[in-house]
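Structure first, then comments.
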Amino acid sequence: MTMPMTQADEAGLARELLAALKARSAKLGPLAAIVLLHLVLFYLLQSGLLRKVAHAALPEVINISFVSAPTPPKPAPPPPKTVPVARQAPTIAPQLPVAVRSAEPAITLPQAPI
């Protein structure tokens, strides 16, 4: 047998359900927001819109190059000095005497008696 609920009981039950829902939403709310932000990020990445946003946010690169005046050509080196060379007469060295040794027989044989 079930007892009929009174209006006070229904109001108390509604308050309890509302409090439980608030407690649960306090935990699930940030998680749902993170999941939703990731889904949006993946969609933008897939469709290529994220690249356009990145190009719009980044500053435009400007290349500056300075052109200097051309350097003047270096002067040509002076030609080498020419010095006249005096020819010297070749010196002739006197011939050195050649030492001649008289060759004696290295082995002497005894004379046989006759």
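Note that the sequence shown covers residues -19 to 94 in the working numbering. All C-beta atoms in this analysis are idealised placements derived from N, C-alpha and C, irrespective of residue type, glycine included. A quick note: this is a predicted structure, and the numbers were derived from the prediction, not measured.
Taken through DSSP and simplified to helix, strand or coil, L24 comes out as helix.
Boundaries cannot be given for A83, as no alpha helix (DSSP H) includes it and DSSP labels it neither H nor E. In the three-state DSSP reduction, P10 falls in the helix class (H, G or I). In this structure, L30 keeps its C-beta atom at 8 Å or more from the C-beta atom of L38.
DSSP places A56 outside any alpha helix (DSSP H), giving it a letter other than H or E. Look at R31 here: in three-state DSSP terms it is helix.
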